[in-house]
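As given, the protein sequences belong to chains A and B, one line each in that order. Under this note's numbering, the first residue of the first sequence is numbered 1, with each subsequent residue one higher. Under this note's numbering, the first residue of the second sequence is numbered 183, with each subsequent residue one higher. Idealized CB from N, CA, C, for every residue including glycine.
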Amino acid sequence: MVLKLIREVLKVGQATLPYPFTPVELAPGFRGKPEYDPQQCIACAACTIACPPNALTMHTDLEQGVRTWSLFYGRCIFCARCEEVCPTGAIKLGHDFELASFSREDLTIRAEFRLAACNLCGAYFASAKELKHVLALLDQAGLPPEDAANRKALLRACPECRRKMDLPRVKPLVQEAFNGRV
Amino acid sequence: MLLTEEKPKIGQKYVDALRQQFGWSIQEEAWQAPDQVTVTVELNSLPSVVETLYYQHGGWLSVVAGNDERPINGHFALYYVLSVEGDEQAPESKREKCYFVVRTLIPPHQMEFPAVTPRVPAAIWYEREVRDMFGLQPIGLPDERRLVLPDDWPEGLYPLRKDSMDYRYRPEPTTEDETYEFIDVEGEGIVQVPLGPLHITSDEPGHFRLYVDGEHIVDADYRLFYVHRGMEKLAETRMTYDQVTFLADRICGICGYAHNVAYSTSIERALGIAVPERAQYIRTILLEVERLHSHLLNLGLACHFVGFDTGFMQFFRVREKSMKMAELLTGTRKTYGMNLIGGVRRDILKEERTQTLQWIKELRQEVTDLVAMLLETPYIVQRTQDIGRLEPKVARDYSPVGPTLRGSGFARDIRVIHPYCAYDRVPWTLTYKDGCDVLARTLIRAEEFFESLSMVERCLDTMPDGPVLTEGFRYKPYAYALGYVEAPRGEDIHWSMLGDNQKLYRWRCRASSYNNWPPLRYMLRGNTISDAPLIVASIDPCYSCTERVTVVDVRKKKAQVVPYKELERYCRERKHSPLK
Numbered sequence: 001m002v003l004k005l006i007r008e009v010l011k012v013g014q015a016t017l018p019y020p021f022t023p024v025e026l027a028p029g030f031r032g033k034p035e036y037d038p039q040q041c042i043a044c045a046a047c048t049i050a051c052p053p054n055a056l057t058m059h060t061d062l063e064q065g066v067r068t069w070s071l072f073y074g075r076c077i078f079c080a081r082c083e084e085v086c087p088t089g090a091i092k093l094g095h096d097f098e099l100a101s102f103s104r105e106d107l108t109i110r111a112e113f114r115l116a117a118c119n120l121c122g123a124y125f126a127s128a129k130e131l132k133h134v135l136a137l138l139d140q141a142g143l144p145p146e147d148a149a150n151r152k153a154l155l156r157a158c159p160e161c162r163r164k165m166d167l168p169r170v171k172p173l174v175q176e177a178f179n180g181r182v
Numbered sequence: 183m184l185l186t187e188e189k190p191k192i193g194q195k196y197v198d199a200l201r202q203q204f205g206w207s208i209q210e211e212a213w214q215a216p217d218q219v220t221v222t223v224e225l226n227s228l229p230s231v232v233e234t235l236y237y238q239h240g241g242w243l244s245v246v247a248g249n250d251e252r253p254i255n256g257h258f259a260l261y262y263v264l265s266v267e268g269d270e271q272a273p274e275s276k277r278e279k280c281y282f283v284v285r286t287l288i289p290p291h292q293m294e295f296p297a298v299t300p301r302v303p304a305a306i307w308y309e310r311e312v313r314d315m316f317g318l319q320p321i322g323l324p325d326e327r328r329l330v331l332p333d334d335w336p337e338g339l340y341p342l343r344k345d346s347m348d349y350r351y352r353p354e355p356t357t358e359d360e361t362y363e364f365i366d367v368e369g370e371g372i373v374q375v376p377l378g379p380l381h382i383t384s385d386e387p388g389h390f391r392l393y394v395d396g397e398h399i400v401d402a403d404y405r406l407f408y409v410h411r412g413m414e415k416l417a418e419t420r421m422t423y424d425q426v427t428f429l430a431d432r433i434c435g436i437c438g439y440a441h442n443v444a445y446s447t448s449i450e451r452a453l454g455i456a457v458p459e460r461a462q463y464i465r466t467i468l469l470e471v472e473r474l475h476s477h478l479l480n481l482g483l484a485c486h487f488v489g490f491d492t493g494f495m496q497f498f499r500v501r502e503k504s505m506k507m508a509e510l511l512t513g514t515r516k517t518y519g520m521n522l523i524g525g526v527r528r529d530i531l532k533e534e535r536t537q538t539l540q541w542i543k544e545l546r547q548e549v550t551d552l553v554a555m556l557l558e559t560p561y562i563v564q565r566t567q568d569i570g571r572l573e574p575k576v577a578r579d580y581s582p583v584g585p586t587l588r589g590s591g592f593a594r595d596i597r598v599i600h601p602y603c604a605y606d607r608v609p610w611t612l613t614y615k616d617g618c619d620v621l622a623r624t625l626i627r628a629e630e631f632f633e634s635l636s637m638v639e640r641c642l643d644t645m646p647d648g649p650v651l652t653e654g655f656r657y658k659p660y661a662y663a664l665g666y667v668e669a670p671r672g673e674d675i676h677w678s679m680l681g682d683n684q685k686l687y688r689w690r691c692r693a694s695s696y697n698n699w700p701p702l703r704y705m706l707r708g709n710t711i712s713d714a715p716l717i718v719a720s721i722d723p724c725y726s727c728t729e730r731v732t733v734v735d736v737r738k739k740k741a742q743v744v745p746y747k748e749l750e751r752y753c754r755e756r757k758h759s760p761l762k
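Okay, structure coming up:
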């Protein structure tokens, strides 16, 4: 038995790697830290809703008209949900997994986005890039020109003004539904 | 994609038998799946109903869930989940196997229920936990100490009640000291040996107290839950259904994926979602890959504890291949993060399949050699045979799970009893032994390892093509069901109830070790103190390493603290007893 064991040990030789002096071989689909491309990001917040550990957060300042997107690697679990839900491919998991750092700040990345103002009341309401993205999508949708124009006008207004714009159209419907009791 | 066809109900005969015996006490009957039924019983008949199912219809207690249903129906509810498998004397073909849930409602002005523990000992931990978490008093419970809540937790604050506290709230400690009362073992010459709070096989905290007479263990008591993380509360108050799958991955560092599948299937079953065939095969493959690494880890540790450290090194070297396999198939070595409600997130590609099959071939050869070497080592058998005996009677009373139970002669494996994923489509052989000792439990894991290899091969060869994720279903408020998986160390079971706000109303997850801890006391009795770490390692528990051990000498009436390292050394070398 002992002989067999010694033979096995000699046959195997050294099993460990001189890491960190040689790189570790990773599987092609390995999930490392998320790599972010602010150029692609439209600040739509899909990733911050999906993120299980709340590593991704979004703060909207309606006074200043700024939305801040931030990712704290200290909380990230490398699950790739952000990559899955991102509509523009702005966040993708890479192969990097060595995140040791001397300061918390080094583990945070942020991006600031301008908000769009309502073209009726002037209040900030949505990410400007997201609005632009949606308007561009509408152009691609091949709607009749009048319909498209109406929808665009609706989209440029804030939810509050949109509701007001809708009122004349909705009111008779409601009255009908409640037999004029409203 | 919903399952609408009517299937024959498995377990109807148990419901009928109960109606016959208990009459009006059986109030309501609801089926969550063809083999899953929840029966509401009148509060006072709870112990008799559970006892009847447990001892007359071959029931095993899987989990007990408390639930604060005051916002739904004005009551607290208790769910006793039993796997009912039919009379043990009856032939296999006559035994109907189903999950039978006994539900009872407790009015909020009463806050008491008759304890089941005096009739079915397996309920002991569950009833202590329900008492801690909901403030429901089990009347007649033989052990009224806290189980989950720390000693310095304020009286009257019950974390899982819907109106009690935010999940982020941390109350001020009410005391500086550990006030837990360990059992009192009287007798001439009995010494207490505290092990912990920090120690034995894994690096987690747990406080053991061994009562010894000379070198022999007379009795044992333990205090765990030093690292309770409040995951159920977190999931119920902060996370969405899909997010919880990633939390479930983190319940356990060994069987995380098993928890993940158990959670996902509980939701899928509650909603009647049909998971695509291919996704079921992928889940099966990954569950078995997880078993590979867990079994190799435990075999390695078995070597370590009997002082065969070269074997330990070799097992861990080979285990690396199973970790690489997980990385290749899921993108990470642990916490696979592969499930969403409705299926899996990632398919297995052709190159991945080829590489996995290659590694399986290599693993089979390498582990065969290592196991042969391990068994040829003469002192392995010497050190493990008849050590840490779990008598079949104790096992029957306490419902332990996995290799711990199978080592005591019971052929119970959830993969066979309640097949899930693709286990009913892959042929394999169940292993069980009747040695009742550490050796039997270790051998079972060695044999299961090879079965897992064949299962992964078989699944990779026969898995059908097609989609891997079902989407576009709607969540139904207050639907509930069970999800279950045979993890490497036994059944992991989750009971989930959906809420009306895209969050779980209640999530009860139970890891396999939870059922294996209570009978450990009986396994330790009668053994020598140098075997204690080996016995604890044989149930491969999820808890922490005991850094220090208090030894209480019953004869000299004195307590002595032994550093854990010293006890572990003594277990390996068996020379120079730390007690002298």
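- Residue contact check for residue 51 of chain A against chain B: a CB pair falls below 9 Å.
- Neighbourhood of residue 429 of chain B in chain A, by CB distance below 9 Å: 52, 53, in chain order.
- Here the stretch 705-713 of chain B does not lie against the stretch 639-649 of chain B, with fewer than 3 beta-carbon pairs under 8 Å apart.
- Flagged as an interface residue toward chain B: residue 81 of chain A, by a C-beta distance shorter than 9 Å.
- Interface residue (Cβ-Cβ distance to chain A less than 9 Å): residue 551 of chain B is classified as such.
- Rounded to whole angstroms, the separation of the alpha carbons of residue 122 of chain A and residue 60 of chain A is 16 Å.
- Per DSSP, residue 673 of chain B lies in no alpha helix (DSSP H); the unbroken beta strand (DSSP E) holding it starts and ends at 672-680.
- Among the CB atoms of chain A, one or more fall inside 9 Å of the CB of residue 426 of chain B.
- In the DSSP assignment, residue 462 of chain B falls within the alpha helix (DSSP H) that extends over 459-487.
- Taking the beta carbon of residue 89 of chain A as reference, no residue of chain B falls within 7 Å; the closest one sits roughly 17 Å away.
- The secondary-structure analysis by DSSP pairs residue 60 of chain A across a beta bridge with A/67.
- Judged by DSSP in its simplified three-state form, residue 350 of chain B adopts coil rather than helix or strand.
- Judged by their CB atoms, residue 614 of chain B and residue 589 of chain B are nearer to each other than the 9 Å cut-off.
- Bounds of any alpha helix (DSSP H) do not take in residue 282 of chain B; it lies within the beta strand (DSSP E) bounded by 280-288.
- In this structure, residue 316 of chain B sits near residue 248 of chain B, with a CB-CB distance shorter than 9 Å.
- Spatial neighbours of residue 483 of chain B in its own chain (CB-CB distance under 8 Å, excluding positions within 5 residues in sequence) are listed in chain order as 383, 494, 719, 722.
- The beta-carbon of residue 4 of chain A is placed less than 9 Å from the nearest beta-carbon of chain B.
- Remark: C-beta atoms of residue 477 of chain B and residue 631 of chain B approach each other more closely than 9 Å.
- The C-beta separation of residue 566 of chain B from residue 619 of chain B comes to about 6 Å, placing the pair in contact by the 8 Å criterion.
- Contact with chain B is absent for residue 151 of chain A, since none of that chain's Cβ atoms lies less than 9 Å from the residue's Cβ.
- Under the three-state reduction of DSSP, residue 669 of chain B is assigned to strand.
- By the C-beta density criterion, residue 410 of chain B is exposed, having fewer than 16 other C-beta atoms within 10 angstroms.
- Excluding the 5 residues flanking it on each side, residue 242 of chain B has same chain C-beta neighbours closer than 6 Å at 265, 581, in chain order.
- The three-state secondary structure of residue 651 of chain B, taken from DSSP, is strand.
- When beta bridges are read from the DSSP output, residue 206 of chain B appears opposite no residue.
- The C-alpha of residue 270 of chain B lies about 26 Å from the C-alpha of residue 604 of chain B.
- Secondary structure at residue 753 of chain B: helix, using DSSP grouped into helix, strand and coil.
- Across the stretch 221-239 of chain B, no CB contact with chain A closer than 7 Å is found for any residue.
- Counting only Cβ-Cβ distances below 9 Å, residue 24 of chain A has no contacts in chain B at all, with the closest Cβ about 10 Å away.
- In terms of Cα proximity to residue 592 of chain B, the closest of B/522, B/428, B/577, B/514 is B/577.
- Between residue 203 of chain B and residue 196 of chain B, the alpha-carbon positions lie close to 11 Å from each other.
- In the structure shown, the three-state DSSP call for residue 91 of chain A is strand.
- Close partners of residue 15 of chain A in chain B (Cβ separation under 7 Å): 499.
- Annotation for residue 42 of chain A: no alpha helix (DSSP H) segment contains it, and DSSP assigns it neither H nor E.
- Taking C-beta atoms as the reference points, residue 93 of chain A and residue 71 of chain A fail to come closer than 9 Å.
- Taking C-beta separations shorter than 7 Å and ignoring five residues to either side along the sequence, the partners of residue 303 of chain B in its chain run 579, 580, following chain order.
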